[in-house]
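In my numbering, the protein residues as written are 11 to 186. Structure first, then comments.
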Ligand code: ZN
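If you want it as structure tokens, here you go:
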């Protein structure tokens, strides 16, 4: 469902970047982010970075993914990449126009680049990524006119829960 006239979502203090439009009714932002958070939680339980992502088309989840970099010795196996690959396979398409990606952490340059490459319509993320966020925190690849493609971005959906998961990882790594 694409609704260019949808209002700015209010859930969890979500921020909509200036000039950008909401894609999905605000109720579902929190609902779908819950699925991404479940993926993140499971990844954390496997000892992987607790980051999850899902792909949504027409108000339905079509794919899910989690970080499996360590498990697969694959440096590109980020959660968003996994969700994109699974969605393309499931839909049998090379491009993912009208797909919205929900992820618990603001994606890195590779993942934002991949989303642009397959024409994803929108990105919804929970927590900003001050280390490698490429949707505005460190660099802004999601909305750069030089690239000729852009993504609608909604941030801050269920941010506290995502940050709590990441905090558990930080504690574990530091031995605390
Ligand atoms: Zn990434």
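All residues carry an ideal CB built from backbone N, CA and C; glycine is no exception.
Bounding residues of the beta strand (DSSP E) (the contiguous stretch that carries residue i)
i           : result
residue 115 : 109–115
residue 136 : 132–137
8 Å Cβ cutoff met for residue i and residue j
i           : j           : result
residue 48  : residue 113 : no
residue 161 : residue 125 : yes
residue 155 : residue 147 : no
residue 134 : residue 100 : no
residue 65  : residue 76  : no
residue 98  : residue 104 : yes
residue 43  : residue 145 : no
Collapsed DSSP secondary structure at residue i in the structure displayed
i           : result
residue 166 : coil
residue 144 : coil
residue 122 : helix
residue 160 : strand
Ligand 1 heavy atom lying under 7 Å from the CB of residue i
i           : result
residue 117 : yes
residue 128 : no
residue 148 : no
residue 120 : yes
residue 90  : yes
Point to revise | In chain order, each beta strand (DSSP E) run of at least 3 residues that lies wholly inside the segment 38–120 | key: 62–67, 70–76, 109–115
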